[in-house]
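Below is one structure, written out as structure tokens, with a few remarks after it.
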Amino acid sequence: MIKRVLLIGLLLSSLFTVAQTDNKSVEATFNEISKSKKGLNEKIRIDISGLTLYDFITSIADEHELNVSVDNSLNEIVNTNFFDVEVKDVLLFLIQKYDLEVSFSNNIISFNKKAPVEKKPVAKIEKPIDVNYNPQNGFLSVKLQNDSLPKVAQRITELSNKNVVLAPNIKEMKVSAYILNRPFDQVMDMLAKSNQLSVSKDENDFYYLEKIDPVITENNQNEPKSNRRRNSRVTSPQSTGDLELSLNQNGFLNVRAFESDLTSIITQAAELLNINYFFYDKPTDETTTLLANEIDFDQLLNNIFKGKKYTYKKAEGLYLIGQHNTEGLRTTELIQLENRTIELVLATLPKDLTEGIDVKEIVELNGIIVAGSKPRILELKEFIREIDKIVPMVQIEVLIVQYQKSNEVQTGLQAILGEEGKDVQTGGVLFPSTDVTLNSSSINNLIDGFNGFGIFNLGKVTENFYANLSALENNSIITLQSTPKIATLSGHEASVSIGQTSYYFEQNNRLINTGITDNILQSGQWKSTDANLSVLIKPFVSKDEQVTLTISVEKSAFLGRAGENAPPDKATQRFESLVRVKGGDMILLGGLDELDKQNSGSGTPFLSRIPIIKWFFSSRTKSRSKSKLHLFIKPTIVY
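And the structure:
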């Protein structure tokens, strides 16, 4: 009873069919089945000659009570001798020797011939199209021998940038010609004549090639086929609306459709042009109204499918038509950027353009991989092409200047005693460096700018400007704090910071009450504070090379400490500005004041306090110093 239950369980577990091609897998399956089918383990003694493989396998199955299904086409002649060999080993030998395909279904063993393996065709090396074009004189050379006409036309178009269009009935044609260094129009004319073609050039400089193929008709025995096509018309009574299609003499479609379903338009147009097509999904639920002349089949499909859920794909001369997400119509393409980084562009893609397609960022290739319908991918590529422009780089020259202005008034008399008072002369050096000669008006212009308010545009400065600054610094009128040069892309921030860090001790006192005495627990930590000169600039370059600058400047300095471990006092000057300047011009910004006043005096006691007399017995000094923080900024656009 237990053996029967195990046998039934084994049979139920083998209800699936497994196709075996690996010899080890087949052997393992035979060993598993032999546990329930004892006939596979029985010994066999046989000597046969001239028996077919089909008869041999069926005879073994009958003798050892096996269920087999043998392909009738197994007619190979078997000549062999077996002595005390298990049945399963004999079957394995036959499978290997005659390259059989075996499969197991429940307890039935099937033997069949293996399907022949198709050999992949060897890829042919395409013959190069020998065409040369000289853009300087417009001369064309062709060396053709039985070459494909579409490839010849494509090569000529690529080299000359002149469009060559072929009639539909010559796209499979081979051409031959050998013409060297002749004008383009002459070569095209001779190429057409030598291959029984005609060429014409329209007002848009399109070269159209068509076959000269006379057709015998009842009205005119020499009427060209192209003229007969002009009158070819097809009307579709099955269409839901009014539909009329015709071919003109150049093989293009003229379409007049009013509320016609797309299926009727496609089938009738394909019939006129002898085009092969296949419908994955018929667009019978879509209608359109169209009036167009001189269009080809691709243009027709592009227009009637625009805004619809249907699309098409051309594969080896066959038009595959169906819905966007249909398998076989989906396209995968890598879109790479040339001028911008993909990390910044991906966030700007509109949702409508990425709807229905998969977009993945490939940072290493600076691009995105997209999968979806071809029309949507083309629309996305067009959008990316429009925004993939060269982003201008802005080199920013910054001069941070501290302008100092002071005056001092001294009143009263000061006596000079001894030899020191004999010769008191006035002297000094105006320019420490004698190799710089400056115009006084140029220095005055700079000083006027320092004393003025708001923005001061200096325009395009020359080398004399920097000499002026050097002269002012040598005379202690200004102090150049820093002269950094930074660069960034339009729309991105650039910053520079120079400063120092000071530390102070922060102490904490904690009272601990033990009940008897009060103890104070002291703890603390060192903290830091910074005094920096920082500049943050964000430029935006407009189309006319005007630069809009967002500028933020902060200057802080330590003054002193109230105590040894106290934090230092800090003076801060800060301003923010938004200016617009032409690339290459220099502007002056700032004017943050720092004022210092002093009033002191000395004199003879008592007499220095009496009115009027005090002027003879005292000396008073009043001083006032004023410093301003200014910023020279010169943006230069670099592509």
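In terms of our numbering, the sequence shown opens at residue 1000 and continues consecutively.
Cβ coordinates follow ideal geometry from the N, Cα and C atoms, glycine included.
Treat the numbers as computed from the prediction; the structure is a model and nothing was measured.
Below 8 Å between beta carbons: does that hold for LEU1143 and TYR1132? TYR1132 is positioned such that its CB atom lies no closer than 8 Å to that of LEU1143.
Compute the distance between the beta-carbons of ILE1632 and ILE1550, then report whether it is under 8 Å. Contact check for ILE1632 against ILE1550 passes: the beta carbons are separated by less than 8 Å.
Tell me, please, whether the stretch 1172–1182 touches the stretch 1157–1164 by the rule of three or more beta-carbon pairs shorter than 8 Å. Short answer: they don't touch.
Hey, how far is the Cα of SER1263 from the Cα of LYS1150? Between the C-alpha atoms of SER1263 and LYS1150 there is a straight-line separation of about 33 Å.
With a CB to CB cut of under 7 Å and the five nearest residues on each side skipped, what residues in its chain are close to PHE1081? The residues are ILE1043, ARG1044, ILE1045, VAL1089.
Identify the residues that DSSP records as bridge partners of ASP1241: which are they? Checking the DSSP bridge columns, you'll see ASP1241 partnered with PHE1257.
Assuming LEU1050 and LYS1112 form a contact by the criterion Cβ under 8 Å, report the distance between their Cβ atoms to the nearest whole angstrom. Contact flag wrong, Cβ pair sits at about 18 Å.
Rounded to the nearest angstrom, what separates THR1283 and PHE1304 at their Cα positions? Spanning the two alpha carbons is a distance of roughly 12 Å.
Can you tell which of PHE1574, SER1527, VAL1540 has its C-alpha closest to the C-alpha of PHE1557? Ranking PHE1574, SER1527, VAL1540 by Cα distance to PHE1557 puts SER1527 first.
Would you mind working out which of GLU1085, ILE1636, GLU1396, ALA1166 sits nearest GLU1293, comparing C-alpha positions? Scanning GLU1085, ILE1636, GLU1396, ALA1166 for the CA closest to the CA of GLU1293 turns up ALA1166.
How far does the alpha helix (DSSP H) with ALA1129 in it extend, from its first residue to its last? Correcting the residue identity first, residue 1129 is Asp in this sequence and not Ala. Not the alpha helix (DSSP H): ASP1129 falls in the beta strand (DSSP E), residues 1129–1133.
Where does the unbroken beta strand (DSSP E) through PRO1374 begin, and where does it stop? Boundaries around PRO1374 are those of the alpha helix (DSSP H), 1373–1386, since no beta strand (DSSP E) includes it.
For SER1300, which of LYS1373, HIS1629, GLN1248, ILE1367 has the nearest alpha-carbon? Per the sequence shown, the amino acid found at residue 1300 is Leu instead of Ser. Out of LYS1373, HIS1629, GLN1248, ILE1367, LYS1373 has the C-alpha closest to the C-alpha of LEU1300.
Output the distance between the C-alpha atoms of GLY1250 and GLY1582, rounded to the nearest integer angstrom. Using only the alpha carbons, I get a separation of about 56 Å.
Who does GLN1153 pair with in a DSSP beta bridge? Beta-bridge pairing links GLN1153 to no other residue.
What's the C-alpha gap between SER1496 and GLU1553? Cα to Cα, SER1496 sits roughly 9 Å from GLU1553.
Does ILE1043 have its Cβ less than 8 Å from a Cβ in chain C? Among the chains of the structure shown, chain C does not appear; only one protein chain is present.
Starting from TYR1097, trace the beta strand (DSSP E) both ways and give me its first and last residue. Here TYR1097 belongs to no beta strand (DSSP E), and DSSP marks it neither H nor E.
Which ranges would you report for the beta strand (DSSP E) in the stretch 1254–1328 if only whole runs of at least 3 residues count? Taken in chain order, the whole beta strand (DSSP E) runs of length 3 or more contained in the stretch 1254–1328 are 1275–1278, 1286–1294, 1309–1314, 1317–1322.
Buried or exposed, going by whether 16 or more other CB atoms sit within 10 Å of the CB of PRO1538? The C-beta of PRO1538 has 16 or more other C-beta atoms within 10 Å across all chains shown, which makes the residue buried.
Along the chain, where does the beta strand (DSSP E) that runs through GLU1505 open and close? Run containing GLU1505: 1493–1512, per the beta strand (DSSP E) assignment.
Nearest CA to the CA of VAL1086: which residue from ASP1584, LYS1388, LEU1065, ASN1507? When only C-alpha atoms are compared, the closest one is LEU1065.
Taking just the CA atoms, how far does GLN1153 sit from ASP1387? Straight-line Cα distance between these residues: approximately 27 Å.
Can you give the beta carbon distance from LEU1271 to LEU1252, rounded, assuming they're within the 8 Å contact cut? About 7 Å separates the CB atoms of LEU1271 and LEU1252; that is less than 8 Å, so the two are in contact.
Separation of MET1392 from ASN1338, as counted between CA atoms: Looking at the two C-alpha atoms, the distance is approximately 12 Å.
Could you tell me the alpha carbon to alpha carbon distance between VAL1164 and SER1576, rounded to whole angstroms? About 59 Å.
Length of the line joining the Cα atoms of THR1310 and HIS1323: THR1310 and HIS1323: Cα-Cα distance of roughly 6 Å.
Measure the C-alpha to C-alpha separation of ASN1302 and LEU1261 and round it to an integer number of angstroms. Their backbone Cα atoms lie some 11 Å apart in a straight line.
Under three-state DSSP, which class holds LYS1359? Three-state result, LYS1359: strand.
As assigned by DSSP and simplified to three states, the class of PRO1182: DSSP places PRO1182 in strand when its eight states are reduced to three.
Below 7 Å CB to CB, which residues in the same chain sit around GLY1137 once its five sequence neighbours on both sides are set aside? The residues are PRO1182, PHE1183.
Straight-line Cα distance separating LYS1312 from VAL1174: Roughly 28 Å separates the two Cα atoms.
Compare the Cα-Cα distances from ASN1564 to each of SER1494, GLU1505, ILE1586, GLU1342 and report the closest residue. For the residues SER1494, GLU1505, ILE1586, GLU1342, the minimum Cα distance to ASN1564 belongs to GLU1505.
Kindly identify the DSSP beta-bridge partner or partners of LYS1042. For LYS1042, which the question treats as bridged, DSSP gives the partners GLU1085.
Helix, strand or coil for SER1058, going by three-state DSSP, please let me know. Three-state result, SER1058: helix.
So what does DSSP say about ASP1204, is it helix, strand or coil? Correct three-state label for ASP1204: coil.
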